[in-house]
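Undergrad: One structure is given below, represented as structure tokens, and several questions about it will come after.
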């Protein structure tokens with residue numbers, strides 16, 4: 004049964020290699036991609052069920068025992084995120100089929116899409132911090148290709164910034180790993196947890212923890228390391244922007260959750276830094292979003308402010324805060340991706356993403372308008388949708404921990420988020436019909452909306468049936484806050 008853990012990595016890797024040889028056959032590429040991602044989704048959901056029922060699952064690659072060999076670990080956090088990422092990949096894939104040109108698909112879109120999922124799923128499932136670096140690089144190299152695909156001048160310029168920033172971050176990542184290995188003599192995350200708890204060199208460990216915060220903070224786009232993200236995620240087409248906006252920064256947040264609950268849970272300084280950084284990330288990000296007048300740019304900048312809530316939850320570091328962080332993380336993967344895809348639909352209809360050049364979409368495409376409205380108010384945290392319950396758990400946890408100021412910042416951020424979302428709705432969907440293309444109002448968008456429907460349905464479901472999902476999040480948080488089960492499962496103690 005443990006071999007199931009490797010399949011979400013193995014399937015997209017093998018199918019990606021095969022598709023390199025079929026780049027000129029659009030049909031073969033589409034069929035193989037859909038089957039691969041669909042199978043990945045089914046297996047990851049089943050893996051999540053097995054983990055929930057039977058506990059943490061591990062596999063030692065090559066039969067080398069931990070901590071000497073490479074180990075993959077599926078706990079509640081990693082298996083759930085693999086399932087969510089597989090669902091999002093399937094949605095974005097179907098959206099890409101309807102919006103990408105045949106030329107773009109022939110330029111190795113499908114192989115690198117699958118290789119990206121190898122990196123994402125591997126990052127979630129690995130139990131070795133050096134292999135986390137390896138999977139990060141697989142994910143980033145694939146994202147470099149996907150973000151530059153199309154070769155427009157603006158796209159290439161922003162892709163270059165994306166490559167440079169992430170390359171610098173990766174350099175510091177390997178430096179931090181080298182320091183960690185030099186101090187502890189191990190790279191297995193469970194073994195690191197044991198050995199760091201026994202070390203007396205707290206100053207050195209604090210320095211290493213801060214370096215990892217810089218690395219994962221850059222990849223998560225926290226303040227003041229967020230400057231690369233808004234322009235980079237604005238550049239690619241909607242299907243790719245939705246995948247990046249929904250997943251890539253969340254991989255960074257996942258690594259922060261994993262490392263600071265498992266490896267560095269003993270350093271209060273780091274959690275104070277996370278609280279301050281979380282508040283600044285929320286507020287600076289939402290101010291940037293409010294100042295924009297472009298559909299996609301508003302959503303891209305909002306990634307920063309939403310990440311701030313998750314960083315705040317990790318910084319509060321109580322079971323309820325970690326549960327709220329996971330709930331909000333899952334909500335954001337779903338809703339942020341849906342909003343980027345809605346931005347792609349609006350651009351397809353009107354020929355622009357600038358708010359001042361479009362209006363009246365409610366009259367021409369009412370179903371589209373109200374679906375967007377649901378996702379928009381969910382992002383802002385309006386009940387009874389998923390965004391409200393994630394934020395509510397974080398706010399309650401913050402009050403219980405006495406972090407009143409950062410909670411006040413989070414509430415102000417929520418109000419400004421609602422304002423920016425309503426600015427999009429009132430400008431683009433309300434008012435008289437005004438498009439650059441006079442024929443745009445006649446375009447049918449039903450097929451474009453179909454792939455997004457599962458995401459909208461999920462944000463409603465996570466809201467109206469919040470209790471079982473929050474209970475699951477609390478169980479997940481307890482597992483993270485008490486890493487003994489993780490350590491015993493990996494080290495077989």
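In the working numbering, the protein residues as written are 4 to 496. Where a beta carbon is used, it is the ideal one built from N, C-alpha and C, also for glycine.
#1: Using only CA atoms, which one of 316, 388 and 56 lies nearest to residue 406?
#2: Since residue 307 and residue 328 are thought to touch, with beta carbons under 8 angstroms apart, how far apart are those beta carbons, to the nearest angstrom?
#3: Which first and last residues belong to the alpha helix (DSSP H) in which residue 108 is found?
#4: State the Cα-Cα distance for the pair residue 24 and residue 113, rounded to the nearest angstrom.
#5: I need the DSSP call for residue 301, collapsed to helix, strand or coil.
#6: Looking only at its chain, what residues have a beta carbon closer than 8 angstroms to the beta carbon of residue 214, apart from the 5 residues adjacent to it on each side?
#7: Looking only at its own chain, which residues have a Cβ that is under 7 angstroms from the Cβ of residue 256, when we skip the five neighbours before and after it?
#8: What does a CB cutoff of less than 6 angstroms around residue 125 pick up in its chain, not counting 5 residues either side in sequence?
#9: Which residue's Cα is closest to the Cα of residue 117: 100, 146, 102 and 103?
#10: Helix, strand or coil: how does DSSP classify residue 62 here?
#11: Using a Cβ-Cβ cut-off of 6 angstroms (strictly less than) and excluding sequence neighbours within five positions of residue 158, which residues of its own chain qualify?
#12: So residue 504 packs on residue 281, CB below 8 angstroms; how close in whole Å?
#13: Going by Cα to Cα distance, which pick from 322, 111 and 296 is closest to residue 482?
#14: Helix, strand or coil, according to DSSP, for residue 191 in the structure here?
#15: With a Cβ-Cβ cutoff of 8 angstroms, do residue 35 and residue 92 count as a contact?
#16: State the start and end residues of the unbroken alpha helix (DSSP H) segment that holds residue 459.
#17: According to DSSP, is residue 74 helix, strand or coil?
#18: With DSSP as the reference, label residue 355 as helix, strand or coil.
#19: Going by C-alpha distance, which of 203, 448, 474 and 380 is nearest residue 463?
#20: Would you identify the three-state DSSP class for residue 445, choosing helix, strand or coil?
#21: From the DSSP output, in three-state form, read off residue 129 for me.
#22: Please state the DSSP three-state secondary structure of residue 483.
#23: At the level of alpha carbons, what is the spacing between residue 374 and residue 459?
#24: Which residues bound the alpha helix (DSSP H) around residue 209?
#25: Relative to the C-alpha of residue 471, which candidate in 392, 160, 418 and 427 has its C-alpha closest?
#26: Hey, would you say residue 151 sits closer than 8 angstroms to residue 221, going by beta carbons?
#27: How many Å lie between residue 442 and residue 351 at the Cα?
#28: Measuring only the C-alpha atoms, how far is residue 46 from residue 417?
#29: Measure how close the beta-carbons of residue 362 and residue 346 come, nearest whole angstrom, since I'm counting them as under 8 angstroms.
#30: Please name the residue or residues paired with residue 437 in a DSSP beta bridge.
#31: Spell out a yes or no on whether the segment 69-81 and the segment 95-110 are touching, meaning 3 or more CB-CB pairs, one atom from each, closer than 8 angstroms.
#32: Select from 474, 489, 367 and 424 the residue whose C-alpha is nearest the C-alpha of residue 448.
#33: Identify which residue in 170, 254, 453 and 163 has its Cα closest to the Cα of residue 348.
#34: Could you confirm whether any beta carbon from chain D is found closer than 8 angstroms to the beta carbon of residue 141?
#35: Since I believe residue 131 is in contact with residue 190 (beta carbons under 8 angstroms), could you give me their beta-carbon distance rounded to a whole number of angstroms?
#36: How should residue 194 be labelled, buried or exposed, when 16 other C-beta atoms within 10 angstroms of its C-beta is the threshold for buried?
TA: With the given structure in hand:
#1: Ranking the options by Cα distance to residue 406, first place goes to 316.
#2: The Cβ separation is near 16 angstroms, so there is no contact.
#3: Bounds of any alpha helix (DSSP H) do not take in residue 108, whose DSSP letter is neither H nor E.
#4: Cα to Cα, the separation comes out at about 11 angstroms.
#5: Residue 301: helix per DSSP, three-state reduction.
#6: Excluding residues within five positions, the ones whose Cβ falls inside 8 angstroms are 175, 178, 179 and 182.
#7: 223, 310, 313 and 332, listed in sequence order.
#8: Cβ neighbours of residue 125 beyond the five flanking positions: 12 and 138.
#9: The shortest Cα separation from residue 117 among 100, 146, 102 and 103 belongs to 146.
#10: Three-state DSSP puts residue 62 in a strand.
#11: Result list for residue 158: 238, in chain order.
#12: Residue coverage of the chain in this structure runs from 4 to 496, which leaves residue 504 outside it and unanswerable.
#13: That would be 322, whose Cα lies nearest to the Cα of residue 482.
#14: Assigned with DSSP and collapsed to three states, residue 191 falls in strand.
#15: For the pair residue 35 and residue 92, the CB atoms are not nearer than the 8 angstroms cut-off.
#16: Run containing residue 459: 456-467, per the alpha helix (DSSP H) assignment.
#17: Residue 74 falls in the strand class under three-state DSSP.
#18: In the structure shown, residue 355 adopts coil according to DSSP, grouped into three states.
#19: Closest by alpha carbon: 380.
#20: Unreliable placement is indicated for residue 445, whose pLDDT of 45 sits below 50; the coordinate value is still reported in the next sentence. Residue 445 falls in the helix class under three-state DSSP.
#21: Residue 129: strand per DSSP, three-state reduction.
#22: Helix.
#23: One C-alpha to the other measures close to 7 angstroms.
#24: In this chain, the alpha helix (DSSP H) harbouring residue 209 covers 205-223.
#25: The shortest C-alpha to C-alpha distance from residue 471 to any of 392, 160, 418 and 427 is the one to 392.
#26: Taking 8 angstroms as the Cβ cut-off, residue 151 and residue 221 do not qualify as a contacting pair.
#27: Note that residue 442 scores a pLDDT of 49, beneath 50, so its modelled location is shaky and nothing firm can be said.
#28: Distance between the alpha carbons of residue 46 and residue 417 is about 36 angstroms.
#29: No, residue 362 and residue 346 are not in contact; Cβ-Cβ is about 15 angstroms, not under 8 angstroms.
#30: Paired residue(s): 362.
#31: Contact between the segment 69-81 and the segment 95-110 is absent, because fewer than three Cβ pairs lie under 8 angstroms.
#32: Here the closest residue by C-alpha is 367.
#33: If we check each option's Cα against that of residue 348, 453 comes out closest.
#34: Among the protein chains of the structure shown there is no chain D, as only one such chain exists.
#35: Confirmed, about 6 angstroms.
#36: Under this definition residue 194 is a buried residue.
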